[in-house]
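One structure is given here, and the rest of the page talks about it.
Residue numbers (the numbering used here): 237 to 311.
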């Protein structure tokens with residue numbers, strides 16, 4: 237049996253994916269990163285949970301300014 241690349245396999249929905257993103261000085265990059273993750277999960281029919289951990293830098297208000305359109309829940 238040949239090994240297969242996970243990304244080449246068709247996963248049966250619903251596969252659950254959790255992504256934790258530490259964000260320190262990532263204000264400019266977090267939006268594009270989230271877009272890539274969301275696009276990949278939509279393309280592969282994956283259920284997605286994303287946790288963005290703001291690590292106490294100057295972007296502590298980042299969720300309210302740049303991430304509102306990505307998520308419906310903030311802690």
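Each residue gets a CB set at the ideal place from its N, CA and C atoms; glycine is no exception.
Just so we're clear, the structure is a prediction, and the values are computed from it rather than from any experiment.
Problem set entry | Residue interval of the alpha helix (DSSP H) (run including residue 252) | Residue 252: not part of any alpha helix (DSSP H); member of the beta strand (DSSP E) spanning 251 to 259, first to last residue.
Exercise. What does residue 269 pair with, by DSSP beta-bridge criteria?
Worked result: Residue 269 pairs with nothing; no bridge assigned.
For this session: Determine the direct distance from the alpha carbon of residue 279 to that of residue 265, and round the result to whole angstroms.
Result: Rounded to whole angstroms, residue 265 to residue 279 spans 22 angstroms at the Cα level.
Problem set entry | Whole-angstrom distance between residue 272 and residue 261, CA atom to CA atom | About 19 angstroms.
Exercise. If we ignore side chains and look at the alpha-carbon of each, how far apart do residue 284 and residue 291 end up?
Worked result: Taken atom to atom, the span from the alpha-carbon of residue 284 to that of residue 291 is near 22 angstroms.
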